[in-house]
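S.K.:
There are 2 protein chains.
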Amino acid sequence: MSETQFVTEARAPAAGEPERGEIELSAVLHALSDPVRLQIVGGLSDGVEHSCGSLDLPVTKSTCTHHFRVLREAGVIHQRHEGTSRLNSLRSGDLEARFPGLLDTVLRAAGSG
Amino acid sequence: MSETQFVTEARAPAAGEPERGEIELSAVLHALSDPVRLQIVGGLSDGVEHSCGSLDLPVTKSTCTHHFRVLREAGVIHQRHEGTSRLNSLRSGDLEARFPGLLDTVLRAAGSG
DNA sequence: GCAGATGTACGATAAACGTCGTACAATCGA
DNA sequence: TCGATTGTACGACGTTTATCGTACATCTGC
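Below, the structure written as structure tokens:
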């Protein structure tokens with residue numbers, strides 16, 4: 024896991040991301056309710072930053088952009104710019120603080136289902 | 024809780040309900056991603072059967088019917104006919120068997136959020 | 001500067017969604 | 001039987017969604 028994932032203090036989120044305290048449950052559940060986005064979250068669950076293209080998703084680039092935006096605006100992921108890439112990571116710490124156990128439970132459910 | 028909720032054997036679902044093994048994670052998350060439906064699930068979380076009207080929802084009757092159908096077709100609730108009422112209950116046992124911890128975690132998140 | 005790589009922006013499109021109103025069906029009590 | 005209660009069916013409506021293609025922006029390496 025990256026060193027930013029288990030911090031317990033809320034940090035200032037990037038533009039377009041909700042703050043930790045403003046993450047809404049219904050938005051998170053909606054973000055996780057799409058199979059492609061569930062696949063993205065599963066791909067990010069190793070705690071390593073992944074670029075959008077490195078996840079080998081079954082949709083086109085522009086649809087990818089759409090799904091990453093939904094996840095970002097729901098507060099599920101963080102996007103960092105590096106070169107021509109956008110490095111994505113799960114906001115595990117923020118989600119764990121706001122909705123304890125939720126992300127892990129969903130990831131386990133996605134893995135076994 | 025009613026006596027049907029913690030059975031570990033899958034039972035034949037009513038028409039329109041998926042069987043235990045066919046409950047899909049994305050459908051469950053989508054069903055739970057609407058505030059009204061989250062309120063319904065919260066209202067049913069005492070384990071008691073509730074009629075549709077007894078939950079005092081902020082929408083009209085026909086919208087209620089719609090939300091209960093979404094929950095039923097996702098496998099989240101069971102509906103039983105009794106007189107002029109439809110008694111609703113959570114499929115806690117089936118959900119726990121299929122996606123362990125998911126329902127409890129979401130309900131706890133909904134309660135604190 | 002130029003070409004390639006990586007995403008985003010924008011518009012289009014078809015499907016699904018949440019909401020409502022009205023009409024209807026089923027049941028119960030008087 | 002008649003009226004009240006409870007919920008469903010159906011159609012309408014505006015919004016949102018998931019998807020794509022094309023065009024564009026940004027960065028890297030030559």
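These protein sequence lines map, in sequence, to chains F and B. Residues in the first sequence are numbered from 24 upward in steps of one, following my numbering. Residues in the second sequence are numbered from 24 upward in steps of one, following my numbering. Ideal Cβ positions, reconstructed from N, Cα and C, are used throughout, including at glycine. Source: prediction; values computed, not measured.
1. Of the residues B:I46, B:D79, B:T83 and B:C75, which one's Cα is nearest the Cα of E105 of chain B?
2. Please list, in chain order, the residues of the region 70-95 of chain B that have any C-beta partner in chain F closer than 7 Å.
3. Does the beta carbon of P58 of chain B come closer than 8 Å to any beta carbon on chain F?
4. Whole angstroms is fine: what's the gap from S135 of chain B's alpha carbon to S115 of chain F's?
5. Give the straight-line distance between the Cα atoms of R103 of chain B and T88 of chain B, rounded to the nearest whole angstrom.
6. Could you name the residues of the same chain whose beta carbon sits closer than 8 Å to that of G65 of chain F, not counting the 5 residues immediately before and after it, in chain order?
7. Taking a contact to mean a Cβ-Cβ separation below 8 Å, would you say V51 of chain F touches V99 of chain F in this structure?
8. Based on the DSSP secondary-structure assignment, which residues constitute the bridge partners of E105 of chain B?
9. Once you ignore the five residues that flank D57 of chain B on each side, which residues in its own chain have a CB closer than 8 Å to its CB?
10. In angstroms, rounded to a whole number, what distance separates the CA positions of T128 of chain B and S85 of chain F?
11. List, in chain order, every chain F residue whose beta-carbon is nearer than 7 Å to that of A132 of chain B.
12. Locate the alpha helix (DSSP H) running through S85 of chain B, then write down its first and last residues.
13. What are the boundary residues of the alpha helix (DSSP H) that G66 of chain F is part of?
14. State the DSSP-derived secondary structure class of L113 of chain F, mapped to helix, strand or coil.
15. Would you call E42 of chain B buried or exposed, if buried means 16 or more other Cβ atoms sit within 10 Å of its Cβ?
16. In whole angstroms, what separates the C-alpha of T107 of chain F from that of Q62 of chain B?
17. Less than 8 Å separating the beta-carbons of A54 of chain F and A97 of chain F?
18. Given a cut-off of 8 Å, decide if G39 of chain F and R95 of chain F are closer than it, judged by their beta-carbon atoms.
19. Would you verify that the beta carbon of T128 of chain F is, or is not, closer than 8 Å to some beta carbon of chain B?
20. Strictly under 8 Å for the Cβ-Cβ distance: is L52 of chain F near chain B by that measure?
M.R.: Reading off the structure:
1. Taking the second sequence and counting its residues from 1, the one referred to as residue 105 of chain B is at position 82. Nearest C-alpha to E105 of chain B: B:C75.
2. Those residues of the region 70-95 of chain B that come within reach of chain F (Cβ to Cβ, closer than 7 Å) do not exist; the list is empty.
3. Walking along the second sequence from the start, residue 58 of chain B turns up at place 35. Taking CB atoms only, P58 of chain B has a neighbour in chain F less than 8 Å away.
4. Numbered from its first residue, the second sequence carries residue 135 of chain B at position 112. Numbered from its first residue, the first sequence carries residue 115 of chain F at position 92. Rounded to the nearest angstrom, the two C-alpha atoms are 18 Å apart.
5. Residue mapping note: residue 103 of chain B aligns to position 80 of the second sequence, counting from 1. Residue mapping note: residue 88 of chain B aligns to position 65 of the second sequence, counting from 1. Approximately 14 Å, taken between the alpha carbons.
6. Walking along the first sequence from the start, residue 65 of chain F turns up at place 42. If we look at G65 of chain F and ignore the five residues flanking it on each side, its Cβ neighbours are L130, A133 and G134.
7. Taking the first residue of the first sequence as position 1, residue 51 of chain F is located at position 28. Taking the first residue of the first sequence as position 1, residue 99 of chain F is located at position 76. Contact flag set, yes.
8. Mapped onto the second sequence, residue 105 of chain B falls at position 82. Bridge partners of E105 of chain B: B:S108.
9. Residue numbering aside, residue 57 of chain B sits at position 34 when the second sequence is read from its first letter. Here the set comprises H90 and V93.
10. Residue numbering aside, residue 128 of chain B sits at position 105 when the second sequence is read from its first letter. Residue numbering aside, residue 85 of chain F sits at position 62 when the first sequence is read from its first letter. Roughly 33 Å separates the two Cα atoms.
11. Reading the second sequence from its first residue, position 109 is the one you call residue 132 of chain B. Under the 7 Å cutoff, chain F gives L48, F122 and L125.
12. Translated into the one-based positions of the second sequence, residue 85 of chain B becomes position 62. Where S85 of chain B is concerned, the enclosing alpha helix (DSSP H) stretches over K84 to A97.
13. Within the first sequence, numbered from 1, the residue matching residue 66 of chain F stands at position 43. G66 of chain F -> alpha helix (DSSP H) spans P58 to L67.
14. Within the first sequence, residue 113 of chain F is the residue found at index 90, counting from 1. Looking at L113 of chain F - three-state DSSP - the assignment turns out to be strand.
15. Translated into the one-based positions of the second sequence, residue 42 of chain B becomes position 19. Around the beta-carbon of E42 of chain B, fewer than 16 other beta-carbon atoms lie within 10 Å, marking it exposed.
16. On the first sequence, residue 107 of chain F is found 84 positions in, with the first residue counted as 1. On the second sequence, residue 62 of chain B is found 39 positions in, with the first residue counted as 1. When rounded, the distance between both Cα atoms is 43 Å.
17. The residue given as residue 54 of chain F occupies position 31 in the first sequence. The residue given as residue 97 of chain F occupies position 74 in the first sequence. A54 of chain F is a Cβ neighbour of A97 of chain F, given a cutoff of 8 Å.
18. In the first sequence, the residue the question calls residue 95 of chain F occupies position 72. In the first sequence, the residue the question calls residue 39 of chain F occupies position 16. Yes.
19. Here the question's residue 128 of chain F lines up with position 105 in the first sequence. T128 of chain F counts as touching chain B.
20. As a working note, residue 52 of chain F is residue 29 in the first sequence. At least one CB atom of chain B sits nearer than 8 Å to the CB of L52 of chain F.
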